[in-house]
Amino acid sequence: MPLVLTEFHIGVDDTDSRLGGCTTYTAAVLFQELVSEGFKPLDFPWLVRLNPNIPWKTRGNGALSLHFTVEEEQLEDVKKVAIATVERTTDLTQRATDPAMVFLKGRAPNPLREFSSRALHDVLSVNEARQTAESARSEVHLLKGSRGLVGALASVGADFDHDHTFEIIAYRTPENIGTKRRVNYDSVRQMDALFRGLTFNNIDPETGRVLICPHGPDPVLLGIRGKDPASVTGGLNHLEINEPIERVMIFRTNQGTDAHLNYHTRIQALRPHQSAVITGDVSDSPRIVRGGHVIFRIHDETGSVDCAAYHATGSVRDTSLQLSPGDSVAVSGGIRPQPLRELTLNVEKLEVTRLVDKVRLENPTCSNCGTRCESMGRDQGFRCRKCKARLPRTSRVEKLEPRKIRVGVYLPPPRAHRHLTKPASRYGIDHPNSPKTDDTIDQTLVSLVSIPIVS
Ligand SMILES: [Zn+2]
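Residue numbers 5 to 459, in the working numbering, belong to the letters of the sequence shown in order.
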């Protein structure tokens, strides 16, 4: 009987909770389990970050998917392994954990791809996810509630054809989880210098803070982000790590691509918790509110909205403060509902596209003696202090005030980035140099699976 091979995709979400656990860990274990049982992966596992402006997410709003070539008659075996692995790596007693799995045979159909694309910037309901899963003929497996379904489904239909990056994650052994991570920070700085342009967000340049290690009790020891598997692996090998590593996995991901900031819309169409890009003109002078945050209002032809540039956004906040009425901007960020008030756009990226001339009207100088004239009062003319000559109100001189900011894109410092924020070093890169050939995947996978995991 001839073998019938088929693509098989597994989506997983929400195996993590605030108290430990991590969906990437579940995916890493499952991936290595399936590979060691002889199943052939089509790609690295995908780590898909979804709309970061949804408040009821766990930490990073990331979902995972795995992609294999499977013989038809082995499909049930793969599903069994998948379900068992998710059950084993999830603490189901955590109230906030609602693991969901999605199984899809064959390529992701268009409605599913559209669902995934909207999950990057919109708020999608579990009901909509169920309908999409049904129309895509995918199988849903819930371990508890249904909250993880949106992410699990969205991760299966993700589109990495345009832009993507990679992350290598090293996991801790159980006895070390919850203790201080023993990574030599000097070696991180050296690695950052050596792999500049190949990796990103290792260090915050302003504060020197190490960004590759998370804080808290999850199993992730560290993660290095970069343009291709070789770069992130090279970066990891360069670090001095003084604790055992339980396992290592490389993920293809949409981190660092601004994938959530592709939804260009009008002010009238904004809805709470969306991520959106609004193009408009500044309506009034920016103001500083408590905490040092800057608020400025913009309008387009459909309405106007307040934009909030938080103190932590650094140059985004400083630039916002220098905006003038009439300046043209494209503002990207999350839409926050305010109790009893209208929506606010929290600025994650500010692009200044046009600066108006800022004109200041000055009192004229006297035509007889050259002395600066003084105003005789509101709506009155001017009088020379020295020779008492008079000049009409219309004699005021327009003086151009130099603008303190320039046309350009302004980003928060790396320490304030979301997972999806595209770092400055990646501007101009839309098609990273990482061809998805079976060769590179096979080689890297073999090395990953066979890495002797000792310190
Ligand atoms: Zn005079």
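Every residue, glycine too, gets a C-beta built ideally from N, C-alpha and C.
No experiment lies behind these values; they were computed from the predicted model shown.
In this structure, GLU11 sits near LEU46, with a CB-CB distance shorter than 9 Å. One residue list follows from the rule of a beta carbon closer than 6 Å to any heavy atom of ligand 1, given in chain order as CYS370, ASN372, CYS373, THR375, CYS388, LYS390, CYS391 and ALA393. Separation of the CB atoms of ASP208 and PRO417 is rounded to 6 Å, and the pair is thereby assigned contact status at 8 Å.
For PHE199, DSSP records no beta bridge to any residue. Less than 9 Å divides the Cβ of LEU349 from the Cβ of ILE282. In the same chain as PRO59, and ignoring 5 residues on each side of it, the C-beta atoms closer than 7 Å to its own belong to HIS277, in chain order.
Taking a C-beta distance under 9 Å as the contact criterion, ARG117 and THR169 do not qualify as a contact pair. As DSSP reads the structure, ARG340 sits in a beta bridge with THR348. Given a length threshold of 4 residues, the segment 234-294 has no whole run of the alpha helix (DSSP H) inside it.
ILE172 sits close to LEU240, with the two beta carbons spaced by under 9 Å. Along the segment 164-231, the alpha helix (DSSP H) occurs as fully enclosed runs of 4 or more residues at 189-198, listed in sequence order.
Counting other Cβ atoms within 10 Å of its Cβ, CYS391 stays below 16 and is therefore classed as exposed. At least 9 Å separates the beta-carbon of GLY161 from that of ALA104. The alpha-carbon separation between PHE48 and GLY66 amounts to approximately 16 Å. Judged by DSSP in its simplified three-state form, GLY307 adopts strand. For THR10, the beta-bridge partners assigned by DSSP are VAL74.
Fewer than three pairs of CB atoms, one per stretch, sit closer than 8 Å, so the segment 260-273 makes no contact with the segment 235-251. Between LEU202 and ILE216, the C-beta gap is not smaller than 9 Å, which leaves the two residues out of contact.
In the structure shown, PHE48 falls within a coil segment according to DSSP collapsed to helix, strand and coil. Contact annotation: VAL144 and HIS13 have beta-carbon atoms that are not nearer than 9 Å. Taking the C-beta atoms as reference points, LEU274 is found no nearer than 9 Å to HIS242.
Annotated three-state conformation of SER328 is coil, per DSSP. By the C-beta density criterion, MET380 is exposed, having fewer than 16 other C-beta atoms within 10 angstroms.
Residue state for SER142 is assigned as coil, using DSSP reduced to three classes. Boundaries of the beta strand (DSSP E) harbouring LEU404: 401-405, taken from the DSSP string.
Taking ASP288 as the centre and dropping the five residues before and after it, the same chain places the C-beta of ARG301 and PRO329 closer than 7 Å to its C-beta, in chain order. For LEU34, the enclosing alpha helix (DSSP H) covers residues 27-40.
For GLY260, the closest alpha carbon among the candidates LEU7, LEU415, SER120 and LYS109 is that of LEU415. Distance from the CA of ARG251 to the CA of ASP322, rounded to the nearest whole angstrom, comes to 43 Å.
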